[in-house]
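Engineer: There's a structure below that I have some questions on.
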Amino acid sequence: MRATTEAIVGAVTGSLTAPRTVLLGRYDAAGRLQFTGRSTTLSQAAGRSLADLLAPPTGAHPWRGWMFSAGWGTQRALDVLLVELDVVMEVAVDVARDSTGRWRHPVRPHRIRPDVDVAQVPLFGEDNASV
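So this is what it looks like as structure tokens:
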């Protein structure tokens, strides 16, 4: 079953001018940004729209120094670019989660939500999603 919800864009693959996928996060109850999932490949139109909003982090980024796996069961690191934490994206997610609380399957990007502030995104592990 898939549901629609929001998450914060924390990093991208590709480039800031042509993002290929997004790595998404949500804050936990302690205020730490937790990685919650990665998207499927963005359409060219979605990538262009997102590129207009992306910027490198202006200060410390909570994921600096993290390594993201390039794929399930691989040790190869994914090459990512961290971004300023000010873009919210609506995504379709499989409601299944892994043992750490992350979405088990890649999420499907729906749209950028300029009307939603990062503080309004559900907390990590919360199921504030519509089916």
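My numbering puts the first residue of the sequence shown at 2, with every later residue one more than the last.
Each residue gets a CB set at the ideal place from its N, CA and C atoms; glycine is no exception.
Please name the residue or residues paired with Leu24 in a DSSP beta bridge.
Structural biologist: Ala12, Arg39
Engineer: Should Leu55 be labelled buried (16 or more other beta-carbon atoms within 10 Å of its own) or exposed?
Structural biologist: In this structure Leu55 is buried. Its beta-carbon is surrounded by 16 or more other beta-carbon atoms within 10 angstroms.
Engineer: In terms of alpha-carbon separation, which member of Gln76, His62, Ala93, Asp95 lies closest to Leu82?
Structural biologist: His62
Engineer: Give the range of the beta strand (DSSP E) segment to which Ala30 is assigned.
Structural biologist: Ala30 -> no beta strand (DSSP E), and no H or E assigned at all.
Engineer: Could you say which of Val89, Ala30, Leu79 lies nearest to Pro115 if we only look at CA atoms?
Structural biologist: Val89
Engineer: At the level of alpha carbons, what is the spacing between Arg65 and Asp29?
Structural biologist: 17 Å
Engineer: Tell me whether Arg112 sits in a helix, a strand or coil according to DSSP, three-state version.
Structural biologist: strand
Engineer: Which whole-angstrom value describes the C-beta separation of Pro57 and Glu85, a residue pair presumed to lie in contact below a C-beta threshold of 8 Å?
Structural biologist: 7 Å
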